[in-house]
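Protein chains in written order, with my numbering: chain A, 0 to 202; chain B, 0 to 202; chain C, 0 to 202; chain D, 0 to 202.
Glycine included, each C-beta is placed from N, C-alpha and C at the ideal position.
Since the model is a prediction, treat every value here as computed from it, not as a measurement.
Below is one structure, written out as structure tokens; the observations come after it.
There are 4 protein chains.
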Amino acid sequence: MPKQTFYNLTLDKRTKIEQAALDEFVEYGFDNSNISRIVAQSKIAKGSFYQYFEDKKDLYFHLIDIIVTQKMQAFTPFFKTYQDHTFSENFRDVFQIGLDFADTHPKYYLLGEDFTKKHPAFIREFVAKYQPLAVDLYMQVIKQADLNNELRERIDIPNTVLFINTLINNTMIDLIMDNRSKKQRDQVISELIIFIESAVKRA
Amino acid sequence: MPKQTFYNLTLDKRTKIEQAALDEFVEYGFDNSNISRIVAQSKIAKGSFYQYFEDKKDLYFHLIDIIVTQKMQAFTPFFKTYQDHTFSENFRDVFQIGLDFADTHPKYYLLGEDFTKKHPAFIREFVAKYQPLAVDLYMQVIKQADLNNELRERIDIPNTVLFINTLINNTMIDLIMDNRSKKQRDQVISELIIFIESAVKRA
Amino acid sequence: MPKQTFYNLTLDKRTKIEQAALDEFVEYGFDNSNISRIVAQSKIAKGSFYQYFEDKKDLYFHLIDIIVTQKMQAFTPFFKTYQDHTFSENFRDVFQIGLDFADTHPKYYLLGEDFTKKHPAFIREFVAKYQPLAVDLYMQVIKQADLNNELRERIDIPNTVLFINTLINNTMIDLIMDNRSKKQRDQVISELIIFIESAVKRA
Amino acid sequence: MPKQTFYNLTLDKRTKIEQAALDEFVEYGFDNSNISRIVAQSKIAKGSFYQYFEDKKDLYFHLIDIIVTQKMQAFTPFFKTYQDHTFSENFRDVFQIGLDFADTHPKYYLLGEDFTKKHPAFIREFVAKYQPLAVDLYMQVIKQADLNNELRERIDIPNTVLFINTLINNTMIDLIMDNRSKKQRDQVISELIIFIESAVKRA
DNA sequence: AATGAATGAGCGTTCATTCAT
DNA sequence: TATGAATGAACGCTCATTCAT
């Protein structure tokens, strides 16, 4: 967690630092990132960095926090309406919001990837904190669909949610990194939704 | 590619080095891995390391090569029988072989993960070489199922294969890393197969 | 070129580093010189070295720069008077200044030697920058002598200047390295001047 | 000095090793030369190298020995005739022989250069051994000229010989390294001879 | 609080030389 | 005697972190 000194900075300065760090981590990954470049980019002194953050890891986790928070905010509209919608509608909504978010903040996804893949050591503690948030989302959709009696018999909801989560996360990453044409992309998305719906809906 | 000197070593010594390297890379990842620990572990001199390998990267790629080769070998029985089996049978076979392989060599999976996630720079060249192998496997199963008229209408085979690939890879990793009870695990596997079958099979 | 951080140091510290480097390079030559000794000698941290200089080569060239600059400064008085003097006077002046400089900074000569002899790769770019300065000096003297009609017939001035340059440089180095008695030395110098004068002056 | 084992080798093998070493030393200089390349080039085992030579230096000095010996041989014809010739004739002879030798074995010159310039440490012992040979040559010419009463008054013969030696050595190196046109080269040589003759001959 | 120089452990890599066969 | 693998000290360089002002 950043120190109080960091929060005493103007929003402008804070944002500049966060941006520089995000760029650095996305470009080089955590291990090969380099504080010198971050402070040069954000035009603060090396010493100041350590007035704001405990260490490199502290900054990294701070970014993760921002991402998670912002992403959850993007989903607030969804939480107001999902109970009145069908599974298919909800699912498309969730997917679309996630995709828009990824489109608007592509680096957030990449950083998340870097993070979740590279650091089995960090991960336990972290997943414990954040994973539920993402999973919860799909859980809501699935539970609602279950209430609406849209799901196939004897479905194992927790695992199904994990499968969906995995599929969506990784497919999104593929889409972001491969930058294909919009048409190809829509095709993938459309197929993915059909795939998932086929997998979970009552025949 | 390792130098000839490496292949001149006894199998024992080679294996020891490969084991030490595998452990190191799995524990620390490529960037934080450290040759000093590898040579200490495998009880060779630092200089010997450079008689065997060009550099750290060379060793890393050598391990990837081993993994890919061994994994392909594990699948050879499958290739002899898949044409006479149904989709469900084939799919379970493929999954089971993959799982057995992962069980026998859990670190291979983790290294592969480390590799495919971390190094966009290496990856293009490498994926070009190896990715088709893995994907091909599921492609075979799906195509065979299509011939058997087991698939749902208007299925987009290439994307479907990618989804399946993603699901299986990531789920396997989850299973390997989480080490749950055998019972929980079987439950996950069973659910995954149902999930995929539901997603692709004709109703 | 040293980084700004180097120039931010006190003159004392800079000089200490330069001295240590000069000693090191003169004693061991560029290839066998060793940064650890330099930083130990100048009592700075290894890391600080790399805050001041790009790398070993950067420091080396910095010393060359100092030498060339200082040497040129030593000749400024000469440039104010040479037009009013005879060839013999000028030649003795130039020689004396060069010798005094070498006496005051014997290591400068040795470093220059090390430099010009060892690195055909560096040299082209560098000679292009500095060589003319040294040669020009003798060129001035000779041209002035020519204007004064002191030279023998059909003399080939460019080559003559090169011969003189060679003779003087190498003889100076011999004198510096051999440390003979002052008397022997004066004898050599006196003979060299006679030798050169005989070679170029009108009978 | 090479060990007896080296001289037990066939001439072919010895020559191959010497050639490889010469190429290596000329290309990289002593410090950056590398025994691995030499043994690879001459197709002997690394261990054999140390059966033949004490160490790297031993090989290096062996080459110097070869060069000096061969060069002296090139001058034997001269020693048979110089007493019957004038100074100018002798001087041109000596110069021509030296130049032919340099033309035939350009690498010998470069190695000699590398040697004499880089290693003030070695040099004392070595110069003591070989320098006289080279200097002697010019000494013969000059002494003969003195006997013939061709030299200017009160000439200091030892120093004069050193000057001539310096001039010729360095000019030859310049010619070898700069590879100018034959015409330019002849011009330099011709001028150098005039320069030296003017410097030493009676008016 | 802000600065940026100072620090030094640690890294990958090289290579002359020794050793075991 | 011939071989080439084994050795390890040593190098140049990096960078997160601390310190002094």
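Could you check which residue in the options has the C-alpha nearest to that of residue i?
i	options	result
Ala20(D)	Lys2(D), Phe77(D), Ile156(D), Phe48(D)	Phe48(D)
Leu136(A)	Glu196(A), Ala101(A), Asp92(A)	Asp92(A)
Ile141(C)	Phe74(C), Ile43(C), Leu191(C), Phe86(C)	Phe86(C)
Asp57(D)	Ile156(D), Leu98(D), Gln69(D), Phe29(D)	Phe29(D)
Phe5(B)	Phe194(B), Tyr81(B), Gln50(B)	Gln50(B)
Gln95(B)	Lys12(B), Ile34(B), Thr170(B), Leu10(B)	Thr170(B)
His61(D)	Lys79(D), Tyr81(D), Gln18(D)	Gln18(D)
Ala101(C)	Phe74(C), Lys79(C), Thr80(C)	Phe74(C)
Gln69(B)	Pro105(B), Val199(B), Ile156(B), Leu150(B)	Pro105(B)
Hey, does residue i have any beta-carbon neighbour from chain D nearer than 8 Å?
i	result
Val187(C)	yes
Ala144(C)	no
Arg123(C)	Only weak support exists for where Arg123(C) lies, its pLDDT of 49 falling under 50; the value from the coordinates is given anyway. Answer no: the Cβ-Cβ gap between Arg123(C) and chain D never drops below 8 Å.
Between the C-alpha atoms of residue i and residue j, what's the straight-line distance to the nearest angstrom?
i	j	result
Leu166(C)	Glu23(C)	27 Å
Gln72(A)	Asp83(A)	20 Å
Glu26(B)	Lys2(B)	25 Å
Leu161(C)	Leu110(C)	21 Å
Asn89(C)	Lys15(D)	54 Å
Arg123(C)	Met176(D)	The predicted position of Arg123(C) is uncertain, since its pLDDT is 49 and thus under 50; no value can be drawn from it.
Val38(C)	Lys42(D)	42 Å
Thr103(D)	Leu8(D)	26 Å
Gly46(D)	Asn31(C)	25 Å
Glu190(A)	Arg201(B)	16 Å
Val187(D)	Asn158(C)	7 Å
Glu152(C)	Phe194(D)	12 Å
Lys182(B)	Phe52(B)	43 Å
Met0(A)	Ala44(B)	43 Å
Asn147(D)	Pro76(C)	45 Å
Ile63(A)	Ile34(D)	53 Å
Ala144(D)	Tyr107(D)	30 Å
Arg184(A)	Gly97(A)	14 Å
Ile172(B)	Arg36(C)	50 Å
Val199(D)	Lys12(C)	51 Å
Ser197(B)	Ile66(A)	34 Å
Ser180(D)	Leu174(D)	10 Å
Gln40(C)	Gln40(A)	35 Å
Tyr81(A)	Met138(A)	12 Å
Ile238(D)	Asp54(D)	The requested residue 238(D) does not occur in the structure, where chain D is confined to residues 0 to 202.
Ile163(D)	Ile192(C)	13 Å
Lys79(C)	Glu149(D)	40 Å
What does residue i reach in chain A if we use C-beta pairs closer than 7 Å?
i	result
Arg151(B)	Ser197
Can a CB atom of chain C be found closer than 8 Å to the CB of residue i?
i	result
Leu10(D)	no
Ala73(D)	no
Along chain B, in chain order, which residues have C-beta atoms closer than 7 Å to that of residue i?
i	result
Glu194(A)	What sits at residue 194(A) in the sequence shown is Phe, not Glu. Under the 7 Å cutoff, chain B gives Thr159, Phe162, Ala198.
What does residue i reach in chain A if we use C-beta pairs closer than 8 Å?
i	result
Glu190(B)	Asp155, Asn158, Thr159, Phe162
Is there at least one Cβ from chain A nearer than 8 Å to residue i's Cβ?
i	result
Asn148(B)	no
Ile170(B)	The identity of residue 170(B) in the sequence shown is Thr, whereas the question assumes Ile. Output row for Thr170(B): interface = yes.
Ala120(B)	Its pLDDT being 49, under 50, Ala120(B) is placed unreliably by the model, and nothing is read from it.
Which residues in chain C have a C-beta closer than 8 Å to the C-beta of residue i? List them in chain order.
i	result
Ala202(D)	Ala202
Sorry if obvious, but does the Cβ on residue i come closer than 7 Å to a heavy atom of the ligand FAD?
i	result
Asp11(C)	Only the bare structure without any ligand can be found here, which leaves the ligand FAD out of the picture.
**Prompt:** Which residues, in order along the stretch 151-166 of chain C, keep a beta-carbon less than 7 Å from a beta-carbon of chain D?
**Reply:** Arg151, Asp155, Asn158, Thr159, Phe162, Thr165, Leu166
**Prompt:** Residues in the stretch 84-104 of chain C with C-beta within 9 Å of chain D's C-beta atoms, listed in sequence order?
**Reply:** none
**Prompt:** Listed from N- to C-terminal order along the chain, which residues in the stretch 27-56 of chain D have their beta-carbon within a distance smaller than 8 Å of any beta-carbon of chain C?
**Reply:** Gly28, Asp30, Asn31
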